Structures are given as C-alpha cells and as structure tokens.
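Shown next, in structure tokens, is the structure this report addresses.
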Amino acid sequence: MGRYLIRRLLQTVLILWVISAITFFLFWVTPANPALLICGKNCNTETIAQVNATYGFDDPLIVQYGTYMKGLVNPGGRMIGTEGSERKCPWPCFGESYQNGVPVWDSISEAFPATFWLATGAAVLWLFFGVLLGLLAALRKGKWLDKLSVGIALFGVSFPTIVFGYLLLFTFIVKLNWIPFPDTANAALFTVGPAKWLQFYILPWITLALVFAALYTRLTRANMIDTMNEDYIRTARAKGLGEGTVVFKHGLRAALTPIVTIFGLDLGGLLGGAVITEQIFSITGLGKLSIDSVLSNDLPAIMGVVLFAAVFVVVANIIVDILYAFIDPRVRLS
Amino acid sequence: MTLGVSEAQSPEGGLPADHLADTAEAKQIEGRSLGQIAWARLKKDKIAVASAIVILIIIGVAIFAPLIVKINGFPPDQFNKVDANGDPLLNTRDGGIPIGGLWGSGMSSEHWLGVEPQNGRDVFSRLVYGTRVSLLVALGGTIIAIVLGTVIGMVSGYFRGTVDTLLSRLMDIILSFPYLLFVMALTPVIADRGQDLFGIPDNNTLRMGVLMFVLGFFGWAYLARIVRGQVLSLREREFVEAARSLGAGPAYVIFRQILPNLIPTLLVYTTLLIPSYITAEAALSFLGVGIKEPTASWGRMIDDASDWIESNPLYLFFPGTALFITVLAFNLLGDSVRDALDPRAGRS
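Respectively, the protein sequence lines represent chains A and B.
In short: position in the first sequence from 1, add 20, done, that's our numbering.
In short: position in the second sequence from 1, add 31, done, that's our numbering.
In structure tokens:
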C-alpha cells in the first residue's frame with residue numbers, strides 16, 4: 021500500500037510536469053507580443069524594452085520555462101522584475117496577469133470558492149437523482165417507471181448545457197420572475213445568508229447536474245441490472261434476507277463501485293471550472309476566469325488555470341484508485 | 032467414399048431435392064454476418080428509422096443550404112433593414128428589436144423565423160447555414176479522433192512492450208488534460224498563428240479546421256484505450272496465429288485480420304462522438320473561441336441571442352431547438368446502433 025502510494029504520487033508528479041511543459045511551450049509560442057499587451061496604449065520602443073527586461077521575455081524560451089517552474093516549485097516563490105525594482109511573487113507563483121498585473125494565484129484563489137460550491141452542489145444533485153432514478157428503473161425493469169427513467173435520461177444526455185441553462189434562466193428568471201437576475205458578484209454563503217445563497221446557486225446547480233444525472237441514471241441502471249442477476253443475490257434471497265437488505269446491502273453496494281470511479285473523475289474535472297454554466301449565470305468562478313483570460317490573451321492566467329485544473333483531474337485519479345481498493349476487496353493495490 | 036459423403040450431407044436420408052433446398056436455406060442463415068444481422072435489427076427499430084430520417088434531413092439541409100436559402104431569398108449575411116413594402120424591420124429607437132411578429136421576433140411571411148435584432152439578418156437562413164458548420168466540424172473531428180485512436184490503439188496493443196508503455200502513458204497524459212479548458216485555450220492560439228503555420232489568415236475556414244483538429248486530437252485517447260484492450264485479446268486468437276504462421280506481416284495482420292473485428296466498437300464510438308462534438312462546437316462558438324462572425328453557427332447565435340433573452344426569446348429558442356434536435360437524433364441513432372450490434376447490452 022505504502023509503496024503503491026509513493027509510486028502513484030511520483031507518477032502524478034511526472035504527469036503534471038509533462039502537462040506543465042506542454043502547456044508552457046504551446047502557449048508561449050503565440051504571436052501575441054506580451055510586452056505590447058502589458059504596456060497597452062503607452063507602448064513605445066523604450067517601454068517595450070523595459071517590459072521585456074522586467075518579465076524576461078528576451079530570454080530563451082527554456083530559460084523562461086525554468087523561471088516559471090521555479091515559482092511553482094520553490095517554497096519561497098520567485099522575484100519578478102529587474103534589479104532595483106523587484107517584487108516578490110509568493111509561492112505558488114503563476115506569474116502576473118498581463119491585463120491588470122495581479123498575481124495569477126490571487127485571481128485563482130478568489131475565483132475558486134464559487135466554482136467549488138457550484139461543482140459540489142451540482143454533484144450532490146446529480147449523484148442523488150442519477151442513482152435514485154437508475155435504481156428505480158433497474159428494479160422495475162421493463163415497467164413504465166423504467167421506460168420513463170430511460171426516456172428522461174436520454175433527453176438529459178441530449179440537452180446541450182447552453183440550451184438547458186438558458187431555458188431555465190428564461191423560465192424562472194425572465195418569465196416567472198421567481199429569482200432575480202444574477203449579478204456578477206458571487207454570493208458567498210456567510211455574507212448573504214443561506215436563502216440568497218441557495219437562490220443564487222439553484223439554477224446553475226440544476227443546469228450543471230442535468231447531463232451528469234442522465235449519465236448516472238443510465239450507468240446505475242445498467243450496473244444494477246447486471247448485479248441483480250448475480251448468483252450471490254440469489255443466495256442472499258435464498259438465505260431469507262429481506263428484499264431491502266438484498267437490494268441495498270448486496271446489490272446497490274456492488275453496483276455503485278464503478279460509479280465511484282466516474283464520480284471522482286467528473287467532480288475533479290469540474291473543480292477546474294464549469295465554463296459554460298458559469299458563463300450563462302455570470303458566476304465569476306474559475307471557468308469565467310479562464311474564458312476571460314483566453315479572450316484577452318492573458319497567457320499567465322490561462323496557464324495558471326489549466327495547470328490548476330489539471331491538478332484536480334490528476335489528484336482525483338489517485339483518490340479514486342485508492343478508494344476503489346477500500347470499496348472493492350477484490351482490487352489489490354500493487 | 033461417394034456414399035459416405037452423400038450420407039453425411041443428408042443425415043436424415045431425405046430426397047436429394049429436399050436436402051439441396053435444406054442446405055441452401057441453412058447456408059443462408061449461417062452466412063449472415065454480424066453486419067447483416069445488425070442492419071436487419073436496425074430496420075425494424077422504429078426509433079432508429081425515425082432518427083435516421085431526421086439526420087438525413089439535417090444532412091440534406093447542410094448540403095443544399097444555398098438552394099434552401101434561395102427559396103427564402105435572404106442570404107445569411109445580408110443586413111435587412113426594411114421589408115418588401117419598405118417598412119422598417121427593426122425598431123432603431125429601441126436598440127434594434129425587430130418590429131412585429133410573435134414575442135418581438137419579427138417573424139413574418141418573408142422572414143419565417145424572424146430577423147436578428149440590431150443587424151436584421153434572416154434567422155432562418157443563418158440557422159440553415161449553421162447546420163453546415165455543426166456537421167462539418169463534428170464529422171471532421173470524429174474522423175481525426177477515430178483514425179488516430181484506432182491506429183494508435185492497434186499499434187499499442189499489437190506490438191506491446193516499450194511501444195505500448197510509451198503510447199499508454201501518452202493516453203494517460205491526454206486523458207488528464209482539462210479537455211474543454213485546453214481546447215478553449217488552444218483554438219484561438221492556433222487560429223492566430225494561421226498565417227505563420229499554414230499561410231492562411233485567421234478566418235472561419237481556418238477556424239473550422241482548427242476546431243476539428245483540436246477536438247480530434249483530444250478525443251482519440253479514450254478510444255485508443257478501448258481498441259488497445261480489444262487488440263490485446265484479438266492478437267492471441269487462432270485466426271491471427273494462422274495468418275502469422277502463413278507468413279503474414281504485422282501490417283497485414285493488423286489491417287486485414289484485426290481491424291474488421293474492431294468495426295462494431297468503432298461504429299458505436301463514432302455515433303457517440305458526433306453528437307458530443309456538435310455540442311462542443313456550439314459550446315466553443317458560444318464562448319467566443321470557436322467560429323466567429325460573420326459565419327453563422329448555432330453556438331454564436333445562442334451567444335448573441337442571450338443578450339436579447341428578455342425582448343426576443345424566440346431568437347434564442349430557434350438555434351437552441353436546432354441544436355437539441357440534432358444532438359437527440361444522433362444520440363437515439365447511436366443507442367439503436369449499439370443495441371443492434373449487441374442486443375445483450377440493452378438500452379441502458
């Protein structure tokens with residue numbers, strides 16, 4: 021177990037390093053002249069040279085990459101600027117935004133809570149409804165409840181988020197006026213209170229959860245039907261166990277094992293930003309940060325968000341693998 | 032000798048004519064390939080037939096877009112300010128909201144689905160042309176992903192060893208990339224470099240190519256994993272061994288012996304990829320990193336319409352519905368294809 025963990029951690033670090041390298045070199049070969057972006061309207065040859073010196077844009081790419089990585093690995097962060105006018109960029113240093121000079125890490129940590137609440141809230145919703153519908157469908161296989169669930173799931177899978185999100189926004193915000201129009205400020209639970217907070221997040225949660233709930237319904241149903249045909253289920257029934265015990269303790273537990281894997285990966289992916297949902301409901305989370313930085317050519321911010329999101333995906337992978345061994349005794353970590 | 036053979040052919044000792052008919056029938060039943068069986072099942076599946084018809088109509092609309100738009104008479108990029116009577120179409124004092132029609136959409140006998148606020152471009156024409164972008168990008172991306180995934184998966188599974196280790200790690204890395212985020216960040220970057228890289232300025236033809244490439248490039252890894260797993264087991268089968276013992280080289284074995292056995296998997300994966308790429312193209316164009324003005328794309332239309340959701344909700348409704356119906360039809364057909372190829376899997 022210990023050795024497995026160490027090996028997996030090393031693998032993870034390696035994968036993250038490769039991703040960082042690929043991302044860095046892909047994005048840094050853009051035609052956009054970063055110096056021109058930074059000095060904006062005040063650009064002249066002199067200021068451009070100054071900016072280039074400050075940020076090291078004149079250095080060879082490999083040196084720039086070294087500097088960048090130093091900011092990520094060195095616990096003390098790194099210094100930005102030329103001698104005499106240096107400022108400290110504390111760890112983890114993803115550089116400074118070209119647009120407003122704010123350290124990228126500050127923008128990320130500011131945007132993260134909104135994405136976190138959006139993703140986790142939606143995850144609760146889709147896990148609950150997806151598994152519930154899938155379970156009911158499997159237990160009533162071939163009956164109308166099954167057909168209804170399968171139909172709902174199919175519609176859910178086919179509903180593009182942009183269409184569904186705007187449908188909700190139009191119905192509940194524009195037409196019915198139940199919820200005020202979302203403002204760009206994020207609602208934090210402790211400052212606005214639970215009622216406002218729920219009001220702020222409920223539609224984004226549903227929007228984000230729909231596709232996943234549909235996928236989880238299909239998955240739970242398929243797994244549950246397979247599981248309930250297993251010999252040990254017949255054995256459990258033959259022993260005289262109650263149907264509830266058979267379904268939940270013997271059936272559902274086994275059927276949910278593969279779902280744990282997928283759930284971890286899905287949630288990990290979303291914690292890096294739910295771009296479309298955030299864009300529709302004007303939530304200033306990581307997704308909005310990433311699309312804004314892409315549209316404004318803000319390379320350090322793009323790099324930062326991509327790497328930050330990759331960390332979640334990779335870490336979710338490890339957690340899922342370890343969890344799997346605990347849930348399913350047949351899996352041995354080696 | 033002769034007797035023995037004829038006895039073996041007609042074990043029940045029936046008349047020669049009878050037994051000939053029997054074997055002919057038996058041969059026909061045995062001779063049906065998986066493809067024929069699946070095709071027969073598909074033709075009986077009402078949902079499959081209905082969704083296939085919808086898809087054919089959508090493809091027809093994409094191919095004949097210029098003709099269809101000629102009937103209606105408004106090119107997708109034409110700014111219409113007045114109708115046939117010379118009355119204004121847009122309320123200039125009100126920010127350019129269309130005049131008349133259901134819910135401020137400007138729908139009329141001339142403009143069947145209304146006009147765009149502000150610019151007055153015909154919504155129907157733009158919707159028709161948007162079909163082209165959606166289908167082209169989705170098909171292109173799917174072909175790239177399927178070809179890359181199949182070739183890399185087969186090479187990895189067939190040769191095993193170091194090649195397999197390297198390619199498998201590559202798949203791991205690609206699967207760890209935050210997919211949408213990366214596609215989003217990369218598309219404008221490559222499109223910007225169009226002039227240097229391909230000698231094409233940043234226009235929508237280039238952007239469509241870039242979208243196909245980026246979507247395909249990040250879509251192959253998952254398929255490659257599945258293909259690799261199947262090839263690992265297929266390569267140990269007797270027919271592969273037989274081919275190898277007859278002196279067949281790896282290329283022959285991979286493409287002539289193994290590839291045909293992968294076709295059901297590839298078919299199912301194709302039907303899954305197309306709708307997901309249609310959604311992805313719409314999402315990217317919606318976010319402003321895919322197709323740009325003036326080319327019509329459903330995602331761009333939805334983005335544009337979101338600004339008018341209160342005054343002209345139908346402008347949002349039409350491209351949204353088009354997108355939904357297209358994706359639904361492809362998903363339904365995909366489900367049916369999967370069922371037809373593997374009835375045990377069930378509609379799950």
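Here a beta-carbon is modelled for each residue, glycine too, at the ideal position from N, C-alpha and C.
Keep in mind it's a predicted model, so treat the numbers as computed, not measured.
A Cβ of chain A is located within less than 9 Å of the beta carbon of B:L359. A Cβ-Cβ separation of about 25 Å leaves B:W70 out of contact with B:A176 under the 8 Å criterion.
Between the C-alpha atoms of A:F77 and B:Y346 there is a straight-line separation of about 46 Å.
The beta carbon of A:L287 sits no closer than 9 Å to any beta carbon of chain B. Pairing A:G264 with A:T247 gives a Cβ-Cβ distance that is not under 9 Å. Residues of chain A whose Cβ lies closer than 9 Å to the Cβ of B:V320 are, in chain order, I311, V314, L315.
A direct Cα-to-Cα measurement between A:C59 and A:G324 gives close to 21 Å. Ranked by how close their Cα comes to the Cα of B:G151, the residues B:T181, B:P119, B:I99 have B:P119 in first place. For B:F348, the closest of B:F155, B:D108, B:G131 by C-alpha to C-alpha distance is B:F155. Rounded to whole angstroms, the separation of the alpha carbons of A:V177 and A:T140 is 20 Å. For the options B:L297, B:N343, B:S328, B:A314, the alpha carbon positioned closest to that of B:G365 is the one of B:L297. Nearest in C-alpha terms to A:L152, of all of A:M99, A:N337, A:A234, is A:A234.
Proximity of A:Q84 to chain B, defined by a Cβ-Cβ separation below 9 Å, is not satisfied.
Under the three-pair Cβ rule at 8 Å, the stretch 313-321 of chain A does not count as touching the stretch 293-303 of chain A. At the C-beta level, B:P350 and B:M332 come within 9 Å of one another. DSSP places A:C109 in the strand class (E or B) of the three-state scheme.
From the listed residues A:P278, A:V333, A:L285, the smallest Cα separation to A:F346 is found for A:P278.
Residues of the stretch 162-186 of chain B whose Cβ lies closer than 9 Å to any Cβ of chain A: none.
For A:I100, the uninterrupted beta strand (DSSP E) segment begins and ends at 98-100. Among the residues facing chain A, B:V220 is included, as its CB has a counterpart in that chain under 9 Å away.
Burial check for B:G91: the Cβ neighbour count within 10 Å stays below 16, so the residue is exposed. Proximity of A:A274 to chain B, defined by a Cβ-Cβ separation below 9 Å, is not satisfied. Interface flag for A:F47 against chain B is set, since a Cβ pair is found closer than 9 Å. If you compare the alpha carbons of B:F286, B:L315, B:G66, B:V358 with that of B:V182, the shortest gap goes to B:F286.
DSSP places B:E147 in the coil class of the three-state scheme, outside both helix and strand. Look at B:N343: its C-beta is not under 9 Å from any C-beta on chain A.
In this structure, DSSP gives A:E116 an extended state, which the three-state scheme calls strand. The DSSP-derived three-state label of B:P232 is coil.
If you compare the alpha carbons of A:K108, A:W37, A:A208, A:G307 with that of B:I204, the shortest gap goes to A:W37. Here DSSP, grouped into helix, strand and coil, assigns B:D153 to strand. A residue is called buried once 16 or more other Cβ atoms fall within 10 Å of its Cβ, and B:S276, having fewer, is exposed. Inside the stretch 188-233 of chain B, DSSP marks whole alpha helix (DSSP H) runs of 4 or more residues at positions 192-207, 210-223, 225-229, from first to last along the chain.
Sequence-distant partners of B:L166 (beyond 5 residues in either direction) whose C-beta falls short of 6 Å from its own C-beta, in its chain, are A93. Legend: CB atoms of the stretch 206-217 of chain B lying less than 9 Å from CB atoms of chain A belong to residues L206, S207, F208, P209, Y210, L211, L212, F213, M215, A216, L217. For the options B:E141, B:P148, B:D114, the alpha carbon positioned closest to that of B:P129 is the one of B:P148. With 16 or more other CB atoms across the displayed protein chains lying within 10 angstroms of its CB, B:E312 is buried.
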